[in-house]
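J.: Take this structure, written in structure tokens, and hold onto it; I'll ask about it next.
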Amino acid sequence: MTTPSPDGPEPLQIMMMIKRLSSKPLLSVTFAALLAAYTPAARAQNTYTYHFDMRPGQPKAGWIAVKPDQAYNGSYGFDMGTVVKAVAHPGKKVSGAVTSDQPFYFSASVPEGNYRITLTLGDQEQSSNTTVKAESRRLMLENVVTKPGEFKIISFMVNVRKPQISGGDSVRLKPREVGKLDWDDKLTLEFDGKTFLNTLEIQKVTDQITVYLAGNSTVVDQDDEPWAAWGQMIPRFFKQGVAVANHAESGLTLGSFMGSKRLDKVMSLIRPGDYLFIEFGHNDQKEKGPNDGPWRSYAERLKTYIARTRQKGAIPVIVTSTARRSFDAEGRTVNTLGEYPDAARKVARDEGVTLIDLNAMTTRFYDALGVEPSKKALVHYPANTFPGQTKAFEDNTHFNPYGAYELAKCVAQGIRTSDLALKEYLVDMPAFDPSHPDALDSFNWPLSPKNSTIKPDGN
Numbered sequence: 001m002t003t004p005s006p007d008g009p010e011p012l013q014i015m016m017m018i019k020r021l022s023s024k025p026l027l028s029v030t031f032a033a034l035l036a037a038y039t040p041a042a043r044a045q046n047t048y049t050y051h052f053d054m055r056p057g058q059p060k061a062g063w064i065a066v067k068p069d070q071a072y073n074g075s076y077g078f079d080m081g082t083v084v085k086a087v088a089h090p091g092k093k094v095s096g097a098v099t100s101d102q103p104f105y106f107s108a109s110v111p112e113g114n115y116r117i118t119l120t121l122g123d124q125e126q127s128s129n130t131t132v133k134a135e136s137r138r139l140m141l142e143n144v145v146t147k148p149g150e151f152k153i154i155s156f157m158v159n160v161r162k163p164q165i166s167g168g169d170s171v172r173l174k175p176r177e178v179g180k181l182d183w184d185d186k187l188t189l190e191f192d193g194k195t196f197l198n199t200l201e202i203q204k205v206t207d208q209i210t211v212y213l214a215g216n217s218t219v220v221d222q223d224d225e226p227w228a229a230w231g232q233m234i235p236r237f238f239k240q241g242v243a244v245a246n247h248a249e250s251g252l253t254l255g256s257f258m259g260s261k262r263l264d265k266v267m268s269l270i271r272p273g274d275y276l277f278i279e280f281g282h283n284d285q286k287e288k289g290p291n292d293g294p295w296r297s298y299a300e301r302l303k304t305y306i307a308r309t310r311q312k313g314a315i316p317v318i319v320t321s322t323a324r325r326s327f328d329a330e331g332r333t334v335n336t337l338g339e340y341p342d343a344a345r346k347v348a349r350d351e352g353v354t355l356i357d358l359n360a361m362t363t364r365f366y367d368a369l370g371v372e373p374s375k376k377a378l379v380h381y382p383a384n385t386f387p388g389q390t391k392a393f394e395d396n397t398h399f400n401p402y403g404a405y406e407l408a409k410c411v412a413q414g415i416r417t418s419d420l421a422l423k424e425y426l427v428d429m430p431a432f433d434p435s436h437p438d439a440l441d442s443f444n445w446p447l448s449p450k451n452s453t454i455k456p457d458g459n
């Protein structure tokens, strides 16, 4: 079945479609579901909606029944070769769910935009503990627990994007990005832990604030274990009302982000009241041309990002570069980024832009952990920790999920103590002090199925 367009067809088209379908074998999508997707109200709101019912038996009226063997078919289904099984409770108020002993993926083909995802989680007889990641391992829900007989309905926002730019241009993707879940033609959810999934709703919305992220490998949605960045963890700290669109990519500078048309892509989408968070520096400091350096090209390009964002009525935010893990003989963190953090601070002051000093916060974070324990926040693992890993990982720039999660807390705390209206959309959580980080043992991250031994671009 062809998936509905955002606006939906005119009534005559609906009638012709029904006439064509009525002469064919019954499809997995009911006429009721088809008509529900094409109501005049839905067209007026420019919505794009899926209602999936994973429970055994007859689906709710107007909903799409999804059986455990429904593999992704270009429209929707369980994806990435993962397998689920049905749990049935005949005669019970909630007839059952789908579950798996391993992480599983579900995808639906949707156009670009922001989507409200609503899940019903739980089981009549068993407890559950669900973590949900979206697209390229963006953390959406964390350790949602239900008791036997308890059910929870939870919603969150997922941003979906395409490489194409209005006007006919396109983002210049790196080879490593081709086929990445962040850039494909579908919305993908990863369910980890002991999940019992009853129903899943996907609804396109246009009334959300979008927080766009521009940055490098310390910000990007890293596809594969054990790599991670704060940009893929920050969605977990926002309530409904905010969607995070992470356009960062490994190895980029302010200049190459622009040169690969990523800033053009963001500017084609950003609206008044949206935000652009900007974090660069690690790779910019390697540019050695006559006009390069923290006080020349770096500072001037930051001002360009700010000006273009403001022209759109949106709000720029400068984030100083994450510190690298580097210690002196006394066990104190050493600045390896030269004057780039200071240049970012000065531009923020001069331009009247909110600054989140992540460089200062990560320095305090490393100092609090100490020389050896700080390795636990980055990609430091002995050989054979992950499949195919024949050599030890010793990376002092790129974070593992624990480190990325702690840095996302730093960013959230920076928003909370700022004057940004965005802070009203943060989830309730205690104030975070990077000098007193969370204990590693308290952090639970279910590993995703994909891992890589290839270090991300940039250092």
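According to our numbering, the sequence shown is numbered sequentially starting from 1.
Quick reminder that beta carbons are idealized off the backbone N, C-alpha and C, glycines included.
With a CB to CB cut of under 7 Å and the five nearest residues on each side skipped, what residues in its chain are close to Y340?
T.: Here the set comprises G281, D284, Q285, P294, Y298 and S321.
J.: Please state whether the Cβ-Cβ distance between V319 and E372 is less than 8 Å.
T.: No, these two residues do not count as a Cβ contact at 8 Å.
J.: Which of the three DSSP states, helix, strand or coil, is assigned to D476?
T.: Residue 476 lies beyond the residue range present for the chain, which begins at 1 and ends at 459; the question has no answer from this structure.
J.: Assess, as a yes-or-no matter, whether the segment 439–452 is touched by the segment 400–410 under the definition of 3 or more beta carbon pairs within less than 8 Å.
T.: Result yes; three or more Cβ-Cβ pairs closer than 8 Å.
J.: How would you write the range of the alpha helix (DSSP H) that K409 sits in, first residue to last?
T.: Here the alpha helix (DSSP H) through K409 covers P401 to R416.
J.: Can you tell me the Cα-Cα spacing of K261 and L269, whole angstroms?
T.: Straight-line Cα distance between these residues: approximately 13 Å.
J.: Starting from L213, trace the alpha helix (DSSP H) both ways and give me its first and last residue.
T.: Here L213 belongs to no alpha helix (DSSP H); instead the beta strand (DSSP E) covers I209 to G215.
J.: Distance, Cα to Cα, N159 vs Y76?
T.: Each residue's Cα considered, the two are about 17 Å apart.
J.: Since L189 is in the beta strand (DSSP E), which residue starts that stretch and which ends it?
T.: Its beta strand (DSSP E) spans residues K186 to K194.
J.: Are the segment 125–132 and the segment 140–147 touching, with three or more C-beta to C-beta distances below 8 Å?
T.: The answer is yes - the segment 140–147 touches the segment 125–132, with three or more Cβ pairs under 8 Å.
J.: Nearest to F237 by CA position, among E225, K180, M140 and A329, is which residue?
T.: It is M140 whose Cα lies nearest to the Cα of F237.
J.: What residue from N359, A343, H89 and R137 has the CA that sits closest to G231's CA?
T.: That would be R137, whose Cα lies nearest to the Cα of G231.
J.: Are there three or more Cβ pairs, one per stretch, closer than 8 Å when the segment 191–198 is compared with the segment 407–426?
T.: Touching, no, given that fewer than three Cβ pairs across the two stretches are closer than 8 Å.
J.: When the Cα of D292 is compared with those of L254, L276, G313 and R325, which residue comes out closest?
T.: Out of L254, L276, G313 and R325, L254 has the C-alpha closest to the C-alpha of D292.
J.: Who are the near neighbours of V220 in its chain, counting only those whose CB is closer than 8 Å to its CB and skipping five residues on each side?
T.: Excluding sequence neighbours, V220 sits near A229, G231, Q232, N246, A248, E249, S250 and P456.
J.: Would you mind reading off the limits of the beta strand (DSSP E) that contains R475?
T.: Outside the displayed span of the chain (1 to 459) sits residue 475, for which this structure offers no information.
J.: Considering just the uninterrupted stretch of the alpha helix (DSSP H) at Q529, what are its terminal residues?
T.: With the chain running from 1 to 459 in the structure shown, residue 529 is simply not present.
J.: Let me confirm a value: E406 is counted as buried when at least 16 other C-beta atoms fall within 10 Å, else exposed. Which label applies?
T.: Buried, since its Cβ has 16 or more Cβ neighbours within 10 Å.
J.: State the start and end residues of the unbroken alpha helix (DSSP H) segment that holds E351.
T.: Unbroken alpha helix (DSSP H) run through E351: Y340 to E351.
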